[in-house]
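Here is the structure we will look at, set down as structure tokens.
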Amino acid sequence: MGAVIDTAIEPGVVESILARAKAPLLSTLRLNAYFGQSRVLRNVSIDVRDREITAVIGPSGCGKSTLLRCMNRMHETVADASVEGDVLLEGESIYKSGLSAIAVRRRIGMVFQRPTPFPTMSIRDNVLAGLRILGTSGPSRSEADAIAEEALRRSGLWDEVKDRLRESALGISGGQQQRLCIARALATQPRTLLLDEPTASLDPLSTQTIEELVHELRESIGVVIVTHNMQQAARVSDRTAFMLAGELIESAPTNTLFTNPRDSRTEDYVTGRFG
Numbered sequence: 041m042g043a044v045i046d047t048a049i050e051p052g053v054v055e056s057i058l059a060r061a062k063a064p065l066l067s068t069l070r071l072n073a074y075f076g077q078s079r080v081l082r083n084v085s086i087d088v089r090d091r092e093i094t095a096v097i098g099p100s101g102c103g104k105s106t107l108l109r110c111m112n113r114m115h116e117t118v119a120d121a122s123v124e125g126d127v128l129l130e131g132e133s134i135y136k137s138g139l140s141a142i143a144v145r146r147r148i149g150m151v152f153q154r155p156t157p158f159p160t161m162s163i164r165d166n167v168l169a170g171l172r173i174l175g176t177s178g179p180s181r182s183e184a185d186a187i188a189e190e191a192l193r194r195s196g197l198w199d200e201v202k203d204r205l206r207e208s209a210l211g212i213s214g215g216q217q218q219r220l221c222i223a224r225a226l227a228t229q230p231r232t233l234l235l236d237e238p239t240a241s242l243d244p245l246s247t248q249t250i251e252e253l254v255h256e257l258r259e260s261i262g263v264v265i266v267t268h269n270m271q272q273a274a275r276v277s278d279r280t281a282f283m284l285a286g287e288l289i290e291s292a293p294t295n296t297l298f299t300n301p302r303d304s305r306t307e308d309y310v311t312g313r314f315g
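Following my numbering, the numbering of the sequence shown begins with 41 at its first residue and continues without gaps.
So, in structure tokens, the structure goes:
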């Protein structure tokens with residue numbers, strides 16, 4: 041007779057596992073952001089879930105991009121900028137004492153509205169730029185090559201540039217450059233990716249390619265996308281947040297927010313009465 045295996049689970053273990061599964065990946069807690077004395081975010085609290093796409097919509101100047109920049113401490117790169125409240129990544133404050141902004145940005149990647157490849161670097165070196173800070177403790181050359189290939193594959197760019205890795209990143213198209221910037225963000229293996237209107241400067245075909253890529257990325261990480269295009273938000277996101285004048289008006293599953301918003305201001309915006 042075989043040995044009896046004790047399959048009993050200690051009290052609280054299941055509850056702990058379920059709690060972690062339901063916990064948000066990234067959260068802002070009563071977040072306020074300032075440029076000098078001007079407050080541009082007002083007590084914004086929002087949860088971003090793992091393996092979901094969260095879209096942030098709202099009129100120009102409502103604080104969408106500032107919110108995104110506060111989520112990985114890019115906001116503090118502006119001389120007179122400051123933040124109150126907190127941002128948590130997997131329950132840990134990204135603003136806690138002793139935690140460097142560079143370490144935060146490796147875990148919370150960001151891609152901007154216009155492609156920003158480093159003009160003096162090759163395609164390969166652009167992808168690996170985020171790892172250079174590791175210096176001698178970084179990956180070996182063969183490991184770096186493998187990381188670059190994996191990031192380019194995840195960004196859907198490998199087959200298009202695999203024979204051009206030593207060439208300048210400026211020699212590829214705008215849409216390819218934007219996917220290169222996504223690959224650069226993915227190379228550090230972030231837990232979440234922030235996209236600030238990533239298709240605003242692209243043609244329709246490149247836009248479709250980026251949207252398909254974003255949908256694929258949600259299988260492994262959480263994604264936040266700021267967009268001025270409500271149709272894009274409806275196409276790509278699981279949840280949508282609506283912002284107005286620095287405030288988060290509401291956040292809900294995308295279909296609910298567009299078809300049955302709780303707040304009349306949201307309804308006015310999504311139906312085109314203003315914006």
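Beta carbons are placed, not taken as given, at the ideal position from N, Cα and C, and that holds for glycine.
**OP:** Return the bridge partner residues of Y74 from the DSSP annotation.
**Re:** R79 and S122
**OP:** Measure from the alpha carbon of H255 to the alpha carbon of each residue in L71, S67, L66 and R194, then state which is nearest.
**Re:** R194
Original post:
From S56 to F314, what distance separates their C-alpha atoms?
Top reply: Any reading at S56 must be qualified, since the residue scores a pLDDT of 47, below 50, and its modelled position is unreliable; the value itself is stated next. Straight-line Cα distance between these residues: approximately 45 Å.
Original post:
Which residues in the same chain have their Cβ closer than 7 Å to the Cβ of Q217, if we skip the five residues on either side of it in sequence?
Top reply: P155, P157 and A209
**OP:** Report yes if the CB atom of L242 is closer than 8 Å to the CB atom of G149, and no otherwise.
**Re:** no
**OP:** Under the assumption that A63 contacts G131 (Cβ atoms under 8 Å), give the Cβ distance between them as a whole number of angstroms.
**Re:** 7 Å
Original post:
On the premise that E207 lies in contact with D162, defined as a C-beta separation below 8 Å, what is that separation, rounded to the nearest angstrom?
Top reply: For the record, residue 162 in the displayed sequence is Ser; it is not Asp. Contact holds; Cβ gap of about 6 Å.
Subject >> 8 Å contact criterion, which T299 and A95 should meet: CB distance rounded >> reply: 15 Å between Cβ atoms; not a contact.
Original post:
Roughly how many angstroms separate the alpha carbons of C102 and L81, rounded to a whole number?
Top reply: 8 Å
Original post:
By a C-beta neighbour count over all protein chains shown, 10 Å radius and 16 as the cutoff for buried, is L58 buried or exposed?
Top reply: Note on L58: pLDDT 46, under 50, position unreliable in the model; the coordinate value appears next. Looking at its Cβ environment, which holds fewer than 16 other Cβ atoms inside 10 Å, L58 is exposed.
Original post:
Counting pairs of Cβ atoms below 8 Å between the stretch 277-289 and the stretch 300-307, do you hit three or more?
Top reply: yes
Original post:
The alpha helix (DSSP H) with L139 in it runs from where to where?
Top reply: Element bounds for L139: n/a, residue is neither H nor E.
Original post:
Under a Cβ-count criterion, where at least 16 other Cβ atoms within 10 Å of its own Cβ denotes burial, should P11 be classed as buried or exposed?
Top reply: Because residue 11 is not part of the residues shown, which for the chain are 41 to 315, the question remains open.
**OP:** Would you decide whether R146 is buried or exposed? Buried here means 16 or more other CB atoms lie within 10 Å of its CB.
**Re:** buried
Original post:
Which word fits L139, buried or exposed, when buried means at least 16 other C-beta atoms lie within 10 angstroms of its C-beta?
Top reply: exposed
**OP:** Confirm, please, whether the CB-CB distance from F152 to D236 is below 8 Å.
**Re:** yes
Subject >> Test item: CB-CB of R224 and N166 under 8 Å >> reply: yes
Subject >> Environment of N112 [buried if 16+ CB atoms lie within 10 Å] >> reply: buried
Subject >> Contact under 8 Å by Cβ, S277 with T294 >> reply: yes
**OP:** Spell out the partners DSSP gives V201 in its beta bridges.
**Re:** In the DSSP output, where bridge partners are listed per residue, V201 has none listed.
Subject >> Nearest residue (CA-CA) to D199, options L220, S180, V118 and E251 >> reply: L220
**OP:** Please go through the same chain and pick out, in chain order, the residues whose beta-carbon is closer than 8 Å to the beta-carbon of R79, but skip the five residues on each side of it.
**Re:** N72, A73 and G286
Subject >> Backbone CA spacing between D46 and I134 [nearest angstrom] >> reply: Below a pLDDT of 50, predicted positions are generally treated as unreliable, and D46, at 49, falls in that range; the measurement from the model is reported next regardless. Rounded to the nearest angstrom, the two C-alpha atoms are 40 Å apart.
**OP:** Helix, strand or coil for S105, going by three-state DSSP, please let me know.
**Re:** helix
**OP:** Just tell me which of C110, Q77 and F75 has its CA closest to the CA of V264.
**Re:** C110
Subject >> Endpoints, the alpha helix (DSSP H) within which G214 is located >> reply: G214 to L226
**OP:** Could you tell me which of G214, I222, A274 and A227 sits nearest to S246, measuring between CA atoms?
**Re:** G214
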